[in-house]
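> Residue 46 is where the sequence shown starts when you use the numbering used here, and the numbers rise one by one after that.
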Amino acid sequence: VACYATSGCMWLTLDWGQCSSGCGYGTRERNVTCSGPSQARKADCDGRARPDSTEICHDIAECSWILGVWGSCSATCGNGFRTREISCSSGVEGDC
Numbered sequence: 046v047a048c049y050a051t052s053g054c055m056w057l058t059l060d061w062g063q064c065s066s067g068c069g070y071g072t073r074e075r076n077v078t079c080s081g082p083s084q085a086r087k088a089d090c091d092g093r094a095r096p097d098s099t100e101i102c103h104d105i106a107e108c109s110w111i112l113g114v115w116g117s118c119s120a121t122c123g124n125g126f127r128t129r130e131i132s133c134s135s136g137v138e139g140d141c
């Protein structure tokens with residue numbers, strides 16, 4: 046007599062992929078499949094226990110400083126100083 050059981054079916058996950066952003070917050074994905082001793086289908090695994098296939102990630106590998114142009118000298122005669130804006134490409138100083 047044929048039968049069909051799902052108690053041996055389980056969720057399997059592959060490694061996370063790369064973050065969608067090389068500088069700042071993004072998302073990353075991984076494959077999640079239902080597997081078992083025989084050919085399992087997605088419906089055979091408990092949907093409430095399915096691991097996430099997407100998550101938020103934070104990467105700073107490609108962050109860099111953005112240097113603005115120097116302003117005018119603060120003095121019109123003699124010693125003075127000039128300033129410029131410096132920011133991180135992610136918008137968050139701590140990422141650089």
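A virtual CB, placed ideally from N, CA and C, is assigned to each residue, including glycine.
Computed from a prediction, not measured in an experiment: that's the story for all the values here.
(1) How many whole angstroms separate the CB atoms of residue 65 and residue 73, which I take to be in contact at a CB cut-off of 8 angstroms?
(2) Contact defined as beta carbons within less than 8 angstroms: I believe residue 108 pairs with residue 132. What is the distance between those atoms, to the nearest angstrom?
(3) Got a sec? Which residues, its chain only, sit under 6 angstroms from residue 81 by beta carbon, not counting five neighbours each side?
(4) Note down the Cα distance separating residue 88 from residue 57, rounded to an integer number of angstroms.
(5) Let me check one thing: in DSSP terms, what residues is residue 104 bridge-paired to?
(6) Take residue 141 as the anchor and find which of 67, 122, 121, 78 has the nearest alpha-carbon.
(7) Round the Cβ separation of residue 118 and residue 129 to the nearest angstrom and send it over; I've been treating them as touching at under 8 angstroms.
Let's see:
(1) 7 angstroms
(2) Not confirmed; about 11 angstroms, so no contact.
(3) 53, 54
(4) 14 angstroms
(5) 69
(6) 67
(7) In fact, because the Cβ distance is near 12 angstroms, the residues do not count as touching under 8 angstroms.
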